[in-house]
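Report on the structure given below.
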Amino acid sequence: GYTADSLPAALSVAWTFESRPAPRPAWPTRTRQRFDVAYQPVIAGQGLYFGSSADGKVYALEAVHGGLRWEFFTGGPVRFAPVAWRDRVLVASDDGYVYCLAAADGRLVWKQRGGPRPDMLLGNDRMVSRGGPVVADDLVYFAAGIWPSEGVHVYAMDAASGRVVWCNDSSGTLELDQPHPTARAKSGVAAQGYLVIDGNRLYVPTGRGVPAVFQRTNGKFLG
1490 GYTADSLPAA
1500 LSVAWTFESR
1510 PAPRPAWPTR
1520 TRQRFDVAYQ
1530 PVIAGQGLYF
1540 GSSADGKVYA
1550 LEAVHGGLRW
1560 EFFTGGPVRF
1570 APVAWRDRVL
1580 VASDDGYVYC
1590 LAAADGRLVW
1600 KQRGGPRPDM
1610 LLGNDRMVSR
1620 GGPVVADDLV
1630 YFAAGIWPSE
1640 GVHVYAMDAA
1650 SGRVVWCNDS
1660 SGTLELDQPH
1670 PTARAKSGVA
1680 AQGYLVIDGN
1690 RLYVPTGRGV
1700 PAVFQRTNGK
1710 FLG
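Its first residue numbered 1490, the sequence shown is counted upward by one per residue in the working numbering.
What follows is the structure, given as structure tokens:
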């Protein structure tokens, strides 16, 4: 985590909130991709927000005393921290949707499905479709799908309305040079982690592989 605020020399516990059940990592038997072994909160204003990979809920707490403000059910595990934007909270769920919620009361403002169909695919006994959202210039970017052969979709949407600005649905089935010499095979983007913006580029992490890079203005795959 990061904050620009100065911390006091001595810290003490102000409150605790225990969420049950415990997190359920996407890769419970692997040690390489341990990005979701703990719930990942964000603080905005007087609210603290986090999602659960165990019960698929988004929780909002009072940042001052830890009291529960509201909770919202999604249709699958929530593995990444929500994004606080203006008076809203944006969160991606493994059900393939990104949700826009009112920060004050958890009311659903809009939601958008990442894939072209409502098909549900299981991985390690849970639904899986992960790419942590990021917001810049009033646009929210997220990815849905982790199996290239089944289709991967990377989106830019208007954060206020949920209107799709662009969608790249072709980066999951690419013919690429592989790490070992002379090898070339069909592969593609498989989103696993938080999306990152740097200038006019959007980076999509791919687990153990190198991140994929997209043009932020139109979604063109750059490599």
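Cβ atoms here follow ideal geometry from the backbone N, Cα and C, with glycine treated the same way. As the structure is a prediction and not an experimental result, all values here were calculated from the model.
DSSP beta-bridge partners for Leu1550?
For Leu1550, which the question treats as bridged, DSSP gives the partners Leu1537, Leu1557.
Considering only residues of the same chain and omitting the five flanking positions on each side of Met1646, which have a CB-CB separation below 7 Å?
Excluding residues within five positions, the ones whose Cβ falls inside 7 Å are Gln1601, Leu1628, Val1629, Arg1652, Val1653, Val1654.
I'd like to know whether the C-beta atoms of Arg1513 and Ala1533 end up nearer to each other than 7 Å.
Taking 7 Å as the Cβ cut-off, Arg1513 and Ala1533 do not qualify as a contacting pair.
Exposed or buried, what is Asn1707 when buried is set at 16 or more other beta-carbons lying within 10 Å of its beta-carbon?
Answer is exposed; the Cβ neighbour count stays below 16.
Could you tell me the distance, in whole angstroms, from the CA atom of Tyr1588 to the CA atom of Leu1597?
Straight-line Cα distance between these residues: approximately 7 Å.
Pick helix, strand or coil for Pro1512, following the three-state DSSP scheme.
Residue state, collapsed to three classes: coil.
Going by DSSP, name the residue or residues bridged to Ile1532.
BP columns for Ile1532 point to Leu1537.
Distance CB(Phe1703)-CB(Leu1691) smaller than 7 Å
The answer is yes: Cβ separation under 7 Å.
Is DSSP giving Pro1571 helix, strand or coil here?
Pro1571: coil per DSSP, three-state reduction.
Alpha-carbon spacing of Trp1599 relative to Asp1576, whole angstroms:
Going by the C-alpha atoms only, they are around 14 Å apart.
Measuring CB to CB, does Thr1662 end up less than 7 Å from Ala1679?
Thr1662 is not a Cβ neighbour of Ala1679, given a cutoff of 7 Å.
Which of helix, strand or coil DSSP assigns to Pro1668:
Three-state result, Pro1668: coil.
Look at the alpha carbon of His1642 and the alpha carbon of Val1623, and state the distance between them as a whole number of angstroms.
Cα to Cα, His1642 sits roughly 15 Å from Val1623.
Local conformation of Pro1637 per DSSP, three classes
Pro1637: helix per DSSP, three-state reduction.
Would Gly1565 and Asp1594 be called neighbours here (beta carbons separated by less than 7 Å)?
Contact flag unset, no.
CA nearest to the CA of Pro1668, picked from Tyr1644, Arg1697, Ala1648
Just measuring C-alpha positions, the residue of Tyr1644, Arg1697, Ala1648 sitting nearest Pro1668 is Arg1697.
Once DSSP output is grouped into helix, strand and coil, what is the label at Thr1695?
When DSSP states are grouped into helix, strand and coil, Thr1695 belongs to the strand group.
Name the DSSP bridge partner or partners of Val1580?
When DSSP reads this structure, Val1580 sits in a beta bridge with Tyr1588.
Where the beta strand (DSSP E) through Tyr1644 begins and ends:
Counting along the chain, the beta strand (DSSP E) containing Tyr1644 begins and ends at 1642 to 1647.
Compare the beta carbon distance of Tyr1528 and Val1578 with 7 Å and say whether it is the shorter of the two.
Against a cut-off of 7 Å, the Cβ pair of Val1578 and Tyr1528 comes out as no contact.
Outcome for Tyr1548 when other beta-carbon atoms lying within 10 angstroms are tallied against a minimum of 16
With 16 or more neighbouring CB atoms inside 10 Å of its own CB, Tyr1548 falls in the buried class.
Among Val1526, Phe1524, Thr1518, Val1553, which one has its Cα closest to the Cα of Gln1535?
For Gln1535, the nearest C-alpha among the options comes from Val1553.
Neighbourhood of Asp1658 by C-beta distance below 7 Å, restricted to the same chain and skipping five residues each side
In the same chain as Asp1658, and ignoring 5 residues on each side of it, the C-beta atoms closer than 7 Å to its own belong to Gly1640, His1642, in chain order.
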